[in-house]
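**Student:**
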Amino acid sequence: MSVPGVAVSGAEPWRPAKAGHLSAVAGRNPGGRLKPVTRRHTPSMDWNAKRAWAAAEHGARSAQPPVEGEREDFRLAAIAGASWAEGLAALMLGERTDGEGLLRRAADEYRVSWAAAPAASWGRPIAAMRCRLMAGDDAGLELDAAATLSEGSEAATGSIAGYATALALLSLRRDCEALPVARGLQGRDDFVPSVADALTALASGDGPRYAAASAAVIRSFEERVAFLEDTAVADTVLVLDALAAARGLSVLHAPSALLPAVRV
C-alpha cells in the first residue's frame, strides 16, 4: 500500500520503477476489492475532473466494507489517499482553503490507519506529517511528530524510519538533532538523493543549498512516469517548502505544471 512520499511497498521513498497506487481503473482481487495498479500520468491534467474523481473515490472507499483476510490498515490508508488526492487537486485549482481542509482530513485518516497498522509502519506518520505541513496545520503536526518519535522512529533502522525521524525533528524545530539523521539519508541507494540533500540543507539552515536541492526534487518529479492516485503534483516540494518557510528559507521556484500556480 502506498502513501504520499513512500513507495508502493511502504518500505522506502519513491523510486522510478516502483511508482503507483490505487486508481479508478484498478482491477479487482478475488475478494472484490480494488487492487493497486500503476498508471502513467499525462502532462496536462483536468484538475476539476480529478477533484470530482477523488471525492467520489473517497465515498466509494469509505462505503466499501472490509474484505475477509485483508489488512484493515490498508483499507483505511486507501481512504486517506483519496482525501490526499482531492486536497492536492483543490490546491492546483487555487482553492487553498478547501485544499487545506481536505489535507487535514487526510492526515486524520492516515493517523487512524497508523493505529491499525503493524509496528514500524513508518509510512503512515510520514503521510500524516506531510499532509499537515501542506495544510499549515501546526497543532496537528506537532502532535504527529511527537507521536512518531515516541513510537521509536529514532531507534529504528532503514531509510523510511530515518525519513520519519527527520520530518518529525524538523517539524518540532529540533534541527540540531535532525541534521545527523538527514545526513544519514544521503548516499543511500534506497532514498531519493535530492530529498536527502534538501532535508540536510533545512536542518543546517543553508538557503542556497536548499534552493538547489529543491530544484532537483522538482526535476525528479518531472522525470516520473507515474504518480500516486494518478495525481501529478510535486507534493514533496510543497512539504519541504513549508519547512523552509518556517526557517525563513523560502524559495521562488520556476513555474511548473506539477506545482500550484499560487504557492501554498
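Residue numbering for the sequence shown follows the numbering used here, beginning at 32 and increasing consecutively.
We put the beta carbon where it would ideally sit given N, CA and C, even for glycine.
1. Considering only C-alpha positions, which residue in the set A176, S225, A232 is nearest to T267?
2. Taking the alpha-carbon positions, what's the G193 to G215 distance?
3. For A80, report the span of its alpha helix (DSSP H) as first-last.
4. Please list the terminal residues of the continuous alpha helix (DSSP H) segment that includes G125.
5. Entirely within the region 203 to 255 and at least 4 residues each: give me those alpha helix (DSSP H) ranges in chain order.
6. Please report the residue range of the alpha helix (DSSP H) in which V268 lies.
7. Going by other Cβ atoms of all chains shown within 10 Å of its Cβ, with 16 needed for buried, is D104 buried or exposed?
8. For V264, count the other beta carbons within 10 Å of its own beta carbon; 16 or more makes it buried, fewer makes it exposed. Which is it?
9. Would E303 be called buried (16 or more neighbouring beta carbons within 10 Å of its own) or exposed?
10. If you drop the 5 nearest sequence neighbours on each side, which residues of the same chain put their C-beta closer than 6 Å to that of R92?
11. Quick check: what's the CA-CA separation for T128 versus A166?
12. What do you reckon, are the CB atoms on A148 and G171 nearer than 8 Å?
**Tutor:** A quick look at the data gives this:
1. For this step, residue 267 is matched to residue 236 along the sequence shown. Comparing Cα-Cα distances from T267 to each of A176, S225, A232, the minimum goes to S225.
2. Here residue 193 is taken as the residue at index 162 of the sequence shown, counted from 1. Here residue 215 is taken as the residue at index 184 of the sequence shown, counted from 1. Near 8 Å, if we compare the C-alpha coordinates of G215 and G193.
3. Counting from one through the sequence shown, the residue named residue 80 turns up at place 49. From DSSP, the alpha helix (DSSP H) with A80 extends over 78 to 94.
4. Position 94 of the sequence shown, counted from the first residue, corresponds to residue 125. Neither: G125 is in no alpha helix (DSSP H) and is coded neither H nor E.
5. 206 to 216, 224 to 235, 238 to 253
6. Mapped onto the sequence shown, residue 268 falls at position 237. That run of the alpha helix (DSSP H) goes 266 to 276.
7. Within the sequence shown, numbered from 1, the residue matching residue 104 stands at position 73. Per the 10 Å Cβ criterion, buried.
8. Taking the first residue of the sequence shown as position 1, residue 264 is located at position 233. Flag for V264 reads buried.
9. This structure does not reach residue 303, given that the chain is present from 32 up to 295, and the question cannot be answered.
10. Working through the sequence shown from its first residue, we reach residue 92 at position 61. These residues qualify, in order along the chain: A109, I110, A113.
11. Position 97 of the sequence shown, counted from the start, is the residue given in the question as residue 128. Position 135 of the sequence shown, counted from the start, is the residue given in the question as residue 166. Approximately 9 Å between the Cα atoms of the pair.
12. As a first step, residue 148 is located in the sequence shown; it is residue number 117 there, counting from the start. As a first step, residue 171 is located in the sequence shown; it is residue number 140 there, counting from the start. Taking 8 Å as the Cβ cut-off, A148 and G171 do not qualify as a contacting pair.
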